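Residue numbers (this note's numbering): 288 to 404. Backbone N, C-alpha and C define an ideal beta-carbon position, used for all residues, glycine too. None of these values were measured; they are calculated from a predicted model.
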């Protein structure tokens, strides 16, 4: 049994920056579809460690190829972990409240009245 397919890496250009910004899908686990915190390599693919260990314990196979594999076949993917940490760091500013200038305390107006911050 396999999941079919694999993780896709999709380069995207953001605004006018000349650096290639990688879409979050490049850092997602093929099992969970979530950005990985503990990526491990297994037989040429990278997965989040805990979901992969559960998969192997249950199925005994590689989630994509369906090939039999031992759990001991997992190796940390330090390069990908470093890239994910950098990706998170570059995005911290985007959500930091100090990155925005509030021009008005009015959030919205409507039949219910005025909503203020």
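Check: Does residue 319 pass the burial test, meaning 16 or more other C-beta atoms within 10 Å, or should it be called exposed?; Outcome: exposed
Check: Check residue 328 in the structure and name its three-state DSSP category.; Outcome: strand
Check: State buried or exposed for residue 342, treating a residue as buried only when at least 16 other CB atoms are found within 10 Å of its CB.; Outcome: buried
Check: Pull up the distance between the alpha-carbon of residue 321 and that of residue 312, whole angstroms please.; Outcome: 8 angstroms
Check: Taking all protein chains shown into account, do 16 or more other C-beta atoms lie within 10 angstroms of the C-beta of residue 360, making it buried, or fewer, making it exposed?; Outcome: exposed
Check: In three-state DSSP terms, what is residue 350?; Outcome: coil
Check: Using a Cβ-Cβ cutoff of less than 7 angstroms, which residues in the same chain neighbour residue 316 once the five nearest sequence positions on both sides are dropped?; Outcome: 323, 334, 335, 338
Check: Cβ atoms of residue 349 and residue 332: under 9 angstroms apart, would you say?; Outcome: yes
Check: In three-state terms, what does DSSP make of residue 402?; Outcome: strand
Check: Determine the DSSP secondary structure at residue 357, reduced to helix, strand or coil.; Outcome: coil
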